[in-house]
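Visitor: In the working numbering, the protein residues as written are 915 to 1132. Got a structure here, written out as structure tokens. Questions coming.
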């Protein structure tokens, strides 16, 4: 079956997503985990240390200016997340870039000068944002990208942030594992939320606004 943007979007509305065995693999398989990682938007935790760093404005945060570059960076093997191989192959890269071109996928980017040093990307359908992958080559860049994503989703009226799985990196922010049945219920609720708007929050906002948009600190 050919992977098209229409098939991808349909799969996400059913709670499944594609992966490849490796970057060099030409085949894909569909994943429907028994336990699904989610990050409740009203229970997001930011440490005081990270909040202080955000206030120092270590990065220029951009939205959707380098989507392909972000996904290519996420596809690279990385010691940062113990990622020796990748599930992102060339077909996934092309199709998610196509989703991005049609407004269904977004990237949050951390820049230092002209260098992309961290970021994340995901798929947005109505009130659901399905996070796909993140990377950093400078300390805390992926964490700060996630904080900016959470603020944007909260301001934009989103109902669900799907993280696929719960990692140590995500659990520190409040990510939890829920059953497939529970996830489907939350997904359906989010898909019925047609008023969510990823671009409701302006692209250039002060760090203080970002932190005010996130109520949970520790």
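Ideal placement from N, C-alpha and C gives every residue a C-beta, glycine not left out.
Check residue 928 in the structure and name its three-state DSSP category.
Guide: What you label residue 928 is simply residue 14 of the chain shown in a count that begins at 1. DSSP places residue 928 in coil when its eight states are reduced to three.
Visitor: To the nearest angstrom, how far is it from the Cα of residue 1119 to the Cα of residue 984?
Guide: The residue labelled residue 1119 in the question sits at position 205 within the chain shown. The residue labelled residue 984 in the question sits at position 70 within the chain shown. Roughly 21 Å separates the two Cα atoms.
Visitor: Hey, could you find the ends of the beta strand (DSSP E) residue 1035 is sitting in?
Guide: Here residue 1035 corresponds to residue number 121 of the chain shown, with the count starting at 1. First-last of the beta strand (DSSP E) with residue 1035: 1029 to 1039.
Visitor: At 3 residues or longer, and completely inside the stretch 947 to 1001: list those beta strand (DSSP E) runs for me, N to C.
Guide: 949 to 952, 974 to 977
Visitor: So, at 7 Å on beta carbons, what are the nonlocal neighbours of residue 979 in its own chain, with the 5 sequence-adjacent residues on each side left out?
Guide: Here residue 979 is taken as the residue at index 65 of the chain shown, counted from 1. If we look at residue 979 and ignore the five residues flanking it on each side, its Cβ neighbours are 1023.
Visitor: Excluding sequence positions up to five away, which residues of its chain have a Cβ less than 8 Å from the Cβ of residue 1053?
Guide: Residue mapping note: residue 1053 aligns to position 139 of the chain shown, counting from 1. Here the set comprises nothing.
Visitor: Apply the 10 Å Cβ neighbour rule to residue 1109 and answer buried if 16 or more other Cβ atoms are within range, or exposed otherwise.
Guide: Numbered from its first residue, the chain shown carries residue 1109 at position 195. Exposed is the call here.
Visitor: When DSSP builds the beta bridges, which residues end up paired with residue 1109?
Guide: Your numbering for residue 1109 matches position 195 in the chain shown. Residue 1109 is not bridged to any residue.
Visitor: Which same chain residues, not among the five before or five after residue 880, have their C-beta less than 8 Å away from its C-beta?
Guide: Look at the range of the chain in this structure, 915 to 1132, and you will see that residue 880 is not part of it.
Visitor: Taking the straight line between their C-alpha atoms, what separation do you get for residue 1057 and residue 1035?
Guide: Translated into the one-based positions of the chain shown, residue 1057 becomes position 143. Translated into the one-based positions of the chain shown, residue 1035 becomes position 121. If you take the alpha carbons of residue 1057 and residue 1035, they lie about 13 Å apart.
Visitor: Between 1041, 1088, 975, 1094, which lies nearest to residue 1032 when the distance is taken from Cα to Cα?
Guide: Numbered from its first residue, the chain shown carries residue 1032 at position 118. Closest by alpha carbon: 975.
Visitor: Out of 988, 1075, 1080, state which residue places its alpha-carbon closest to the alpha-carbon of residue 1187.
Guide: Beyond the ends of the chain as shown, which are 915 and 1132, falls residue 1187; an answer cannot be given.
Visitor: Tell me which residues share the same chain as residue 1104 and place their Cβ nearer than 6 Å to its Cβ, disregarding the 5 neighbours each side in the sequence.
Guide: In the chain shown, residue 1104 corresponds to position 190, counting from 1. Closer than 6 Å at Cβ, skipping near neighbours: 1041, 1042, 1073, 1074.
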